[in-house]
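Take a look at the structure below.
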Amino acid sequence: MTYHRFVALGDSFTEGVGDPDASRPNGVRGWADRVAAQLAGDDFAYANLAIRGRKLRQIIAEQIEPATQMAPDLVTVYAGANDVLRPRVDIDGMVEAYDAAIGRLASSGAQVVVFTAYDPGGSPVFGALRGRFAIYNELVREVADRHGATIVDFWRLRDYRDDRLWDGDRMHLSAAGHQRMAMAVLDTLGVAHDLEPLPLDERPVLSAADRRAANLEWARTHAGPWVKRRLSGTSSGDGLSPRWPTLAPVASA
């Protein structure tokens, strides 16, 4: 299928955090920009309304209506991970709101693409939340089935066990991770593309002491500020605007 109007919705995952590019708005690129470049043609436009730190209900309140007004024929939606990471979350209530939003997008005639969340089972930090994410993912699959949405099953993409597909903060995809996700989206849509995995650097095997030191540095540099924002009610996305707020042409890859 040929797409003409692609709108991407969500949080940091879709904004492109972890894939730096100083030439682009907010200083990032991301998988959605990479997908758009592959879909680009003479009659194609792309918008990206995602903002880092947004929770599911914020995404619904801020992004669904502007997206529908653009009359897209392709919409991607990633939402909910920031909610699931909170100390307390009503997953059923959250997905009820998500279901209504996906239904609204699907009823517009757009092809809607949704995502499961990554399986954190191998993570020493987020592994304790694996059960929450599994429940959330199963409910997302039900929503996709109900509304005929296409689902990119991040949970089953096992190559993301390689930490080189993740940024140094261990929460966002690296450039290689965003490239891999762009490939997964295009493959799921059945769109031919010329993307290839980005080269991965060789990394030395760390001793136990080196791993402890790396973990402590990560906690100081990334985990501490993240927890502080949660406790203070602030977000990394405060003051940011959508990177591509209106439909615009995209250069072909």
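According to the UniProt record's numbering, the sequence shown is numbered sequentially starting from 1.
Ideal placement from N, C-alpha and C gives every residue a C-beta, glycine not left out.
None of the values given here were measured: they were computed from a predicted structure.
Bridge-paired residues (DSSP) for residue i
i: F6; result: Y46 and L74
i: F13; result: Bridge partners of F13: none, in fact.
i: W244; result: N48
i: P20; result: V28
Residue environment, residue i, which counts as buried when at least 16 other CB atoms sit within 10 Å
i: L200; result: exposed
i: G16; result: buried
i: R243; result: buried
i: M1; result: exposed
i: G41; result: exposed
i: D159; result: exposed
i: G80; result: buried
i: R180; result: buried
i: P204; result: exposed
Member of the options whose CA lies at the smallest distance from the CA of residue i
i: M183; options: F6, D33, M1 and T2; result: D33
i: N137; options: G10, V84 and P66; result: V84
i: E197; options: S174, S207, P204 and V113; result: The amino acid occupying residue 197 in the given sequence is Pro; Glu does not appear at that position. Among S174, S207, P204 and V113, the Cα nearest to that of P197 is on S174.
i: M70; options: P245, V191, Q38 and V143; result: P245
i: R86; options: V112, Y46, S241 and L56; result: L56
i: A192; options: L39, H178, R54 and L49; result: L39
i: V114; options: R5, E217, V140 and H178; result: V140
i: F13; options: L247, R170 and E96; result: R170
i: A117; options: R29, V77 and A106; result: V77
i: N82; options: E96, G53, A100 and A106; result: G53
i: I59; options: P72, A106, L9 and A208; result: L9
i: G109; options: V75, D99, S236 and G121; result: V75
Segment limits, beta strand (DSSP E) that includes residue i
i: T68; result: It is not in any beta strand (DSSP E) - T68 instead sits in the alpha helix (DSSP H) that spans E65 to Q69.
i: W166; result: Here W166 belongs to no beta strand (DSSP E), and DSSP marks it neither H nor E.
i: F115; result: Q111 to F115
i: V143; result: No beta strand (DSSP E) holds V143; the alpha helix (DSSP H) holding it covers R130 to H147.
i: I151; result: T150 to V152
Limits of the alpha helix (DSSP H) - the one that residue i falls within
i: T188; result: A175 to L189
i: S107; result: I91 to S107
i: I59; result: L56 to I59
i: A81; result: A81 to V84
**OP:** Count the CB pairs spanning the region 187-197 and the region 141-148 that are closer than 8 Å, and state whether there are at least three.
**Re:** Output reads no: the region 141-148 does not touch the region 187-197.
Original post:
For the region 14-31 against the region 88-97, are there 3 or more C-beta pairs whose distance is under 8 Å?
Top reply: Taking 8 Å as the limit for Cβ pairs, the verdict is that the region 88-97 does not touch the region 14-31.
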